[in-house]
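Novice: One structure follows; several queries about it will come next.
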Amino acid sequence: MRPALFYSDAMAAYDLGPHHPLKPERFTLAVDLMRAYGLIGEERNLDPVHPIEFFSPSGPASGADLALVHDEAYIATVKDASAYPERYRFVTRHGIGVGDTPAAHGLHDVAALICGGTIAALSRVLDAPGPARSFAPAGGLHHAHRNSAAGFCIYNDPAVAIAVALRERPGTRIAYLDIDAHHGDGVQEAFYDTANVLTISLHESGRYLFPGTGHAEETGIGAGTGYAINVPLPPFADAECYKVVFDEVVAPVLAAFSPDALVAQCGADAHHADPLTHLGLTLSGMRDLYRRIVEIADASCGGRLACCGGGGYGTYSVVPRAWTMLAAVLAGVDVPDALPEEWRARSSSMSDEEAPRTITEDTAPPGDPGTALEHTRSVVTQLLRSVTLLK
0 MRPALFYSDA MAAYDLGPHH PLKPERFTLA VDLMRAYGLI GEERNLDPVH
50 PIEFFSPSGP ASGADLALVH DEAYIATVKD ASAYPERYRF VTRHGIGVGD
100 TPAAHGLHDV AALICGGTIA ALSRVLDAPG PARSFAPAGG LHHAHRNSAA
150 GFCIYNDPAV AIAVALRERP GTRIAYLDID AHHGDGVQEA FYDTANVLTI
200 SLHESGRYLF PGTGHAEETG IGAGTGYAIN VPLPPFADAE CYKVVFDEVV
250 APVLAAFSPD ALVAQCGADA HHADPLTHLG LTLSGMRDLY RRIVEIADAS
300 CGGRLACCGG GGYGTYSVVP RAWTMLAAVL AGVDVPDALP EEWRARSSSM
350 SDEEAPRTIT EDTAPPGDPG TALEHTRSVV TQLLRSVTLL K
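Quick note: the sequence shown uses numbering that gives the first Met the number 0, first residue 0, plus one each step.
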């Protein structure tokens, strides 16, 4: 079964304003680059020429779907802010308005559509007769809480997709792996008291970065005790740091949990040049990380892997290349290093910077990798003392 991409141009309406750091171009340019490389075609589901099938979601998440994760009062506020954003210019209700997550026309509809894409991506891999991979690049909005928006996120599409899967397939066990530079707090919160969902978040330490959570001591409550795992990373953590965490924590924990599917939030803001974060991955290091995620999914859950996007504020150069690398890894193909000229021209026309010439072109990460690795090893050593799944 070929991997599947779930995307619609309508998702670009998730636009929080011209000066907001979260820009839809991070995923629209990624999809354009996938198409320029021939990874996808137009929406022709049975076209055998391209290594990835391309689907538009059948529709947005329903009100009942959203209510599995979000309060009805919050959903009503989102609808109101979508219809009358001017009411929220100087006030904030349920996290929408002044601040990180402003109101905008049509926000409910497009946020629900993004949820629909992630629901479809996870449903496809769960319903497959064997190994299956999917990617919802506009998804990964992991900060939204039950009764509030947060961190640029209106509806929490990974949590909604997982909750729908649990509702429709009782007894299903889902693992959620988050490699965004920011802690996956909203998804953790949604399943903090259940043993059917394992959440693992690798992120820059909350000592330095929003949302200030994701400490190793956050392990779940009640039936969910031991099913939330957090690995707070130091600034400048590089590929060697991630290798230690994957070898000693992620791979053995997922093997012990043995989920029916793995959902991977693949925010690209762990890149060293991201303007909002302080981690140390290169593009080549990110590609190696994606390959490792595929290997772990193959080993732990029969190859059922649903990926979504997330953060990433190197909008025009870093994120599109990273997520195109992810798509190629999911398809098991290599793309030429040279970027297609038509894509470079479009990217350059949308920003003040000349587009890179190759998909791996990068600069040297800052910081002392030796210090970051030493710190990471210390975090992992302390964490392993309390990971009950490995006892």
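Where is the CB? At the ideal position from N, CA and C, for every residue including glycine. Computed from a prediction, not measured in an experiment: that's the story for all the values here.
Determine the DSSP secondary structure at Arg376, reduced to helix, strand or coil.
Specialist: Three-state DSSP puts Arg376 in a helix.
Novice: Confirm, please, whether the CB-CB distance from Val248 to Leu388 is below 8 Å.
Specialist: Taking 8 Å as the Cβ cut-off, Leu388 and Val248 do not qualify as a contacting pair.
Novice: When DSSP labels each residue in this structure, what does Asp108 get in the three-state scheme?
Specialist: In the structure shown, Asp108 sits in a helix (DSSP, three-state: H, G or I).
Novice: DSSP puts Ser133 in a beta bridge; with which residues?
Specialist: Beta-bridge pairing links Ser133 to Ala3, Ala305.
Novice: Could you name each continuous beta strand (DSSP E) segment of 3 residues or more that falls completely within the stretch 224-281, going from the start of the chain to the end?
Specialist: Those beta strand (DSSP E) runs which fall completely within the stretch 224-281 and span 3+ residues are 227-232, 260-264.
Novice: Using DSSP's beta-bridge definition, name the partner residues of Thr198.
Specialist: Answer by DSSP bridge pairing, in chain order: Tyr175, Ala227.
Novice: Below 8 Å between beta carbons: does that hold for Ile153 and Gly266?
Specialist: Not in contact: Ile153 and Gly266 (Cβ atoms no closer than 8 Å).
Novice: Between Pro136 and Val262, which are expected to be in contact by the criterion C-beta below 8 Å, what is the C-beta distance as a whole number of angstroms?
Specialist: With a Cβ gap of about 14 Å, Pro136 and Val262 do not count as contacting.
Novice: Using CA atoms only, rank isn't needed, just tell me which of His144, Ala269, Val243, Gly96 is closest to Ala66.
Specialist: It is His144.
Novice: Does the Cβ-Cβ distance between Val378 and Pro231 come in under 8 Å?
Specialist: Taking 8 Å as the Cβ cut-off, Val378 and Pro231 qualify as a contacting pair.
Novice: Going by the DSSP bridge assignment, what does Gly96 pair with across the sheet?
Specialist: Answer is Thr91.
Novice: Pull the bridge partners of Ala337 from the DSSP assignment, please.
Specialist: DSSP, once it has assigned bridges, lists Thr357 as partnering Ala337.
Novice: Within 8 Å, do at least three Cβ pairs link the stretch 192-201 to the stretch 270-287?
Specialist: Contact between the stretch 270-287 and the stretch 192-201 is absent, because fewer than three Cβ pairs lie under 8 Å.
Novice: Starting from Arg53, trace the beta strand (DSSP E) in both directions and tell me its first and last residue.
Specialist: According to the sequence displayed, residue 53 carries Phe and not Arg. Run containing Phe53: 52-54, per the beta strand (DSSP E) assignment.
Novice: Is the beta carbon of Ala12 sitting closer than 8 Å to the one on Val109?
Specialist: Yes; because the gap between Cβ atoms is below 8 Å, this pair is in contact.
Novice: Just the C-alpha distance for Arg211 and Thr314, rounded to the nearest angstrom, thanks.
Specialist: Reading off the sequence shown, one finds Gly at residue 211, where the question assumed Arg. Approximately 24 Å between the Cα atoms of the pair.
Novice: Can the beta-carbon of Leu304 be found closer than 8 Å to that of Ala296?
Specialist: Yes, the Cβ-Cβ distance between Leu304 and Ala296 is below 8 Å.
Novice: Would you list the one or two residues that DSSP bridges to Ala12?
Specialist: The partner list for Ala12 (beta bridge, DSSP) is empty, contrary to what the question assumes.
Novice: Who are the near neighbours of Gly37 in its chain, counting only those whose CB is closer than 6 Å to its CB and skipping five residues on each side?
Specialist: Cβ neighbours of Gly37 beyond the five flanking positions: none.
Novice: If you follow the alpha helix (DSSP H) that Val317 is part of, which residue opens it and which one closes it?
Specialist: Where Val317 is concerned, the enclosing alpha helix (DSSP H) stretches over 317-330.
Novice: Could you spell out where the alpha helix (DSSP H) holding Ile74 opens and where it closes?
Specialist: Counting along the chain, the alpha helix (DSSP H) containing Ile74 begins and ends at 71-82.
Novice: With a threshold of 7 Å, establish whether the CB of Val262 neighbours any heavy atom of the ligand SAM.
Specialist: For the ligand SAM, the structure offers nothing, since it holds no ligand at all.
Novice: Quick one: give me the first and last residue of the alpha helix (DSSP H) that Gly185 is part of.
Specialist: Taken as a continuous stretch (DSSP letters only), the alpha helix (DSSP H) holding Gly185 covers 184-189.
Novice: Compare the Cα-Cα distances from Gly302 to each of Gln264, Gly150, Pro130 and report the closest residue.
Specialist: Comparing Cα positions, the closest option is Pro130.
Novice: How far does the alpha helix (DSSP H) with Pro157 in it extend, from its first residue to its last?
Specialist: Start and end: 156-167.
Novice: With DSSP as the reference, identify every bridge partner of Glu203, one or two as the case may be.
Specialist: Looking at the DSSP assignment, Glu203 forms a beta bridge with Leu232.
Novice: How many angstroms separate the CA atom of Lys78 from the CA atom of Pro365?
Specialist: Each residue's Cα considered, the two are about 43 Å apart.
Novice: Under the DSSP definition of a beta bridge, which residues are partnered with Ala149?
Specialist: The partner list for Ala149 (beta bridge, DSSP) reads Cys152.
Novice: Might you give, ordered along the chain, the residues of its own chain that have their beta carbon closer than 7 Å to the beta carbon of Gly223, omitting 5 neighbours on each side?
Specialist: So the qualifying residues of the chain are Phe190, Tyr191, Asp192, Thr193, Ala194.
Novice: Taking the continuous alpha helix (DSSP H) assigned at Thr27, which residues delimit it?
Specialist: Its alpha helix (DSSP H) spans residues 24-35.
Novice: Could you tell me whether the Cβ atoms of Ala330 and Pro50 are closer together than 8 Å?
Specialist: Cβ distance < 8 Å, so Ala330 and Pro50 count as in contact.
Novice: Whole angstroms is fine: what's the gap from Ala215's alpha carbon to Ser147's?
Specialist: Distance between the alpha carbons of Ala215 and Ser147 is about 24 Å.
Novice: Indicate whether the contact test is met: 3 or more Cβ pairs, each with one atom in the stretch 117-131 and one in the stretch 0-14, closer than 8 Å.
Specialist: Yes, the stretch 117-131 touches the stretch 0-14.
Novice: Pop quiz: Gly309 and Val317 are said to be a contact at Cβ under 8 Å. What is the actual Cβ separation, rounded to whole angstroms?
Specialist: Actually they are not in contact, since the Cβ atoms of Gly309 and Val317 sit about 13 Å apart, beyond 8 Å.
Novice: Among the candidates Leu372, Ser346, Ser57, Arg1, whose CA atom is the shortest distance from the CA of Tyr241?
Specialist: Residue Leu372 is the option with its Cα nearest to Tyr241.
Novice: Could you give the distance in angstroms between the alpha-carbon of Pro368 and the alpha-carbon of Tyr73?
Specialist: Spanning the two alpha carbons is a distance of roughly 43 Å.
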